[in-house]
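K.L.:
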C-alpha cells in the first residue's frame, strides 16, 4: 500500500506581473503532483506483486477545494489548486495504467483539524465555515484514516475514485 500524503499549502495570489507565482507553481507541483508520480512509478512493480486481494493499492490525499465538481477553490491559492487538480488527474491516469494489479483511489478531506495559527484559528471564521457543513463539525484524523484504510484494504473492486470526507461540505 502506498499513501500519498505529502503536501505543501501556501498562498500564491495572482498579482499584477505574476511576482513569485512561477516559484509557487514549481514548488506546489513538485510536492503535490510530481513527487507522487515518481514514487508511484518506482513502487508500481512491488505493488503489482503484492498478492493482496484486489491487487496493490495507492491512495492519494486530495482536497475538496480542488475536486472538479463542485470546484470550491480557496482565494489566493491558485498554485495549490492547480497542483492538487493535477494530482487528481494523475490518480485517474494511474488507475487505468496500473490496472488490474494496482488500484488507485483518493481521499478528499474537508476540515479535519483546525490549524494552530493563522486566520483559520478565528472562532467566527470557523463557525461560518461549519455553517456550510451539513454535519455541523470538522472531521477527525481518525475519520480520514479510516477512509484511507477502506480504500486501501476493503474496496477491492474500486479504482479511479475519490471519496470525500467532508461532512457534506461539497453539497453546499
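Residue numbers (our numbering): 131 to 302. The beta-carbon is built from N, C-alpha and C at its ideal position, and this holds for glycine as well.
Quick check on residue 246: buried or exposed, where buried means 16 or more other Cβ atoms within 10 Å of its Cβ?
P.N.:
Label assigned to residue 246: exposed.
K.L.:
Identify the continuous alpha helix (DSSP H) that holds residue 212 and give its terminal residues.
P.N.:
Segment 208–228, the alpha helix (DSSP H) holding residue 212.
K.L.:
Run through DSSP, which three-state label would residue 135 get?
P.N.:
Coil.
K.L.:
Report yes if the C-beta distance between residue 184 and residue 286 is below 8 Å; otherwise report no.
P.N.:
Yes, Cβ-Cβ distance for residue 184 and residue 286 is below 8 Å.
K.L.:
Quick one: residues in its chain with C-beta nearer than 8 Å to the C-beta of residue 295, no 5 flanking neighbours on either side, listed in chain order?
P.N.:
If we look at residue 295 and ignore the five residues flanking it on each side, its Cβ neighbours are 237, 238, 239, 240, 242, 269, 273, 274, 277.
K.L.:
Give the DSSP bridge partners of residue 142, in chain order.
P.N.:
In the DSSP output, where bridge partners are listed per residue, residue 142 has 207.
K.L.:
Quick check on the DSSP output: what are the complete beta strand (DSSP E) runs of length 3 or more inside the stretch 255–285, in order along the chain?
P.N.:
If we require 3 residues or more, the stretch 255–285 turns out to have no beta strand (DSSP E) run fully inside it.
K.L.:
Does DSSP classify residue 161 as helix, strand or coil?
P.N.:
Looking at residue 161 - three-state DSSP - the assignment turns out to be helix.
K.L.:
Check the DSSP bridge columns for residue 233 and list the partner residues they point to.
P.N.:
Looking at the DSSP assignment, residue 233 forms a beta bridge with 187.
K.L.:
Using C-beta distances below 7 Å, list every residue in its chain close to residue 262, excluding the 5 sequence neighbours before and after it, in chain order.
P.N.:
Result list for residue 262: 299, 302, in chain order.
K.L.:
When DSSP labels each residue in this structure, what does residue 168 get in the three-state scheme?
P.N.:
Note: residue 168 maps to helix in three-state DSSP.
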